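The sequence shown begins at 3 in my numbering and counts up one residue at a time. Don't be surprised by glycine CBs; every beta carbon is placed ideally from N, CA and C. Please read all numbers here as calculations on a predicted model, not as lab measurements. A quick write-up on the structure given underneath.
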Amino acid sequence: MDLIGRGTELEAVERLLAEARAGQSGALAIRGEAGAGKTALLEHARSVAVRSGFRVETSVGLVAEMQFAFGAVHQLIKPLLGRLDALPDPQQSALQVAFGQRAGAAPDRFLVGLAALTLLAEAAEERPLLCIVDDAQWLDEASAQVLAFVARRVSAEEVALVLSVRDPTDDGDLSRGHRRGGGR
């Protein structure tokens, strides 16, 4: 997709990545209507990050998965679960219950948020980390809460979080109950 006319957005993405590389984490939400080029901006972020030595993890919101608690968080941090031993026991347990790896009552979302934050920070110790979340308007509620928690608390790590969100006035495919392919 063409990024002509997106200078301000491109600069914001590149500034976020440069700051994360320098140890100052942050989050950026890219808002717009369907077809406005949000996914193209995410792909630009991925490309710049990979060229700069970042690890990149992604998650995509889907209407069909909005009822699965923690589904989007699972998609984002599943590749980091090999670091589970780095988590304090309460966080480890909460995350394992959330992901169905251990039986138990519904986990405390605060603990799941802390666990996600800790795993992201652990991964960023090796090299900077970019987390991309596309179509965030279709995240399950639990994942949206956890990612908002992480975005507010990530600070002194080499982590950048970039989300694309469709404008709330643009229900697009949501009203038809499916996710459209191609550019968003």
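- Query: Going by Cα to Cα distance, which pick from 169, 167, 162 is closest to residue 19?
  - Reply: 162
- Query: From residue 92 to residue 49, what distance separates their C-alpha atoms?
  - Reply: 36 angstroms
- Would DSSP call residue 52 helix, strand or coil? helix
- Query: Leaving out five residues before and five after residue 138 in sequence, what residues of the same chain have Cβ atoms less than 6 angstroms from its Cβ?
  - Reply: 63, 165, 167
- Query: Beta carbon of residue 141, beta carbon of residue 59: below 8 angstroms?
  - Reply: no
- Task: Mind checking which residues open and close the beta strand (DSSP E) that includes residue 62?
- Result: 57–62
- Message: Which same chain residues end up closer than 7 angstroms to residue 68 when comparing Cβ atoms and leaving out the 5 residues on each side of it in sequence?
- Response: 140, 142
- Task: Taking residue 84 as part of the alpha helix (DSSP H), name the residues at either end of that continuous run.
- Result: No alpha helix (DSSP H) holds residue 84; DSSP gives it neither H nor E.
- Classification of residue 109 by the beta-carbon crowding that lies within 10 angstroms, buried from 16 upward: buried
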